[in-house]
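If you count the sequence shown from 1, position 251 lands on 250 in numbering that gives the first Met the number 0, and the numbers rise without skipping. Heads up, the beta-carbon is just placed ideally off N, CA and C, and yes, glycines get one too. What you are looking at is a predicted structure, and each value in this text was computed from that prediction instead of being measured.
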Amino acid sequence: MSFICPLCHAPLKIAAKSYRCPQGHQFDMAKEGYVNLMPVQHKRSKDPGDSAEMMLARRAFLEAGHYDPLRKAVGDSLVTFLPEQAEAILDIGCGEGYYTAFFADLVAGKGACAYGLDVSKTAIRFAAKRYPQAKFCVASSHRLPFADASLNAVIRIYAPCKAQELARVVKPGGVVITVAPGPRHLVQLKGLIYENVQLHAPDNETLTGFHLARQHALAYPMSLTGTEAAALLQMTPFAWRARTQVREQLTRQEAFDCETDFCMRVWVREH
C-alpha cells in the first residue's frame with residue numbers, strides 16, 4: 000500500500016526518492032524520509048501545526064513517561080482488534096511520533112505498516128528522523144492521502160478528522176480508536192490559568208458508519224517536576240491563555256501534582 004495524490008487522488012508510486020502519480024504530480028521525499036502531501040492551496044497558514052518549541056516541549060514531557068499508561072492502553076486495544084494479517088494502520092495527528100513508533104512495533108508481527116500523519120512539517124521531520132519503523136507524511140487530517148478501504152485501523156488521539164473521511168479509508172471490519180479528554184483532565188493545570196475552572200464537557204461523539212465496540216476511562220495522578228509541568232502546559236490547547244508569569248511559576252516549582260482523565264473508545268467499521 001502507498002499514498003494517493005492529494006491533488007487528483009490517483010495512486011502514488013515511489014521512484015528515485017519521489018512519489019509520482021499517473022497525472023505527473025510529484026512529491027519529493029525529504030532527507031529525513033518523510034513526504035509532504037500538503038499542497039499550498041490546502042494550507043490555512045504558511046506554516047500550520049505546532050512549532051519547533053512546542054514539539055521539543057512535547058517530546059521532553061512524553062519521554063519522561065507520564066503518558067506511557069495511555070500509550071499502552073491504546074496499544075492493547077489496537078492489538079486486540081486488529082486481524083492476524085493486517086495491511087496498514089494510521090496515527091492521525093501523530094506529532095513527533097511517540098505513539099506511532101510504539102504502534103509500529105506492535106503491529107509489525109501482523110505484517111502491517113504504520114503511518115503517521117500531521118499537518119506540522121516540523122513535527123513530521125522530528126518523527127521521521129527518529130523513527131524509521133514507520134512512514135510519515137505531512138498532510139491534512141481532513142483530506143487523508145489514502146485510498147478507499149485501505150486501512151485496518153486509525154488511531155486518533157485528540158486529533159480532528161471528519162467522520163466521512165474515516166469511513167472512507169477504513170476497511171469494513173476495521174477500527175478507529177479515539178482518545179478524548181475526560182471531565183477532570185489536567186484540572187489542576189487549568190486552575191492556574193482560569194479564574195473559574197470548567198470541567199471538560201462529556202464527549203458524546205458518534206461516528207457515522209461505525210458502531211461503538213468498547214469504551215472506558217483511564218485516569219491516574221501524575222507527579223511532575225516544574226519543568227515537566229511547564230512542558231505539559233505548552234502541549235495543551237489552553238497554553239495561549241497562560242500568562243508568562245504562570246509558565247515562570249511552574250518552572251520554579253519543585254513538584255506539581257496533576258490528574259489525567261482520558262475517554263477511550265473503539266469504533267468498528269460496519270460492513
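Listed in chain order, the beta strand (DSSP E) elements of length 3 or more contained wholly in the stretch 127-185 are 134-137, 150-156, 169-180. If one requires a minimum length of 3 residues, the beta strand (DSSP E) runs lying completely within the stretch 202-242 are 209-223, in chain order. The continuous stretches of alpha helix (DSSP H) do not include residue 114, which lies in the beta strand (DSSP E) extending over residues 112-117. If you ignore the 5 residues before and after residue 0, its C-beta comes within less than 6 Å of the C-beta of 86, 87, 149, all in its own chain and listed in chain order.
With contacts defined by Cβ atoms closer than 8 Å, residue 187 and residue 247 do not form a contacting pair. Between residue 157 and residue 175, the CB-CB gap reaches or exceeds 8 Å. Taking C-alpha positions only, residue 234 is separated from residue 185 by approximately 12 Å. Shown here for residue 109: same chain residues with a beta carbon closer than 7 Å to its own, the five before and five after excluded, namely 81, 83, 84, 85 in chain order.
Taking 8 Å as the cut-off, the Cβ atoms of residue 182 and residue 260 count as close. Residue 258 sits in a strand when the DSSP states are folded into three classes. Within a 10 Å sphere around the beta-carbon of residue 57 sit 16 or more other beta-carbons, which makes this residue buried. Between residue 131 and residue 12, the alpha-carbon positions lie close to 19 Å from each other. Taking C-beta atoms as the reference points, residue 173 and residue 240 fail to come closer than 8 Å. The residue among 162, 223, 27, 53 with its C-alpha nearest the C-alpha of residue 207 is 162.
Counting of Cβ neighbours within 10 angstroms places residue 64 among the exposed residues, the total staying below 16. Of the residues 116, 24, 145, the one whose Cα lies closest to the Cα of residue 2 is 145.
Taking the Cα of residue 270 as reference, the smallest distance to any Cα among 115, 252, 94, 210 is reached at 210.
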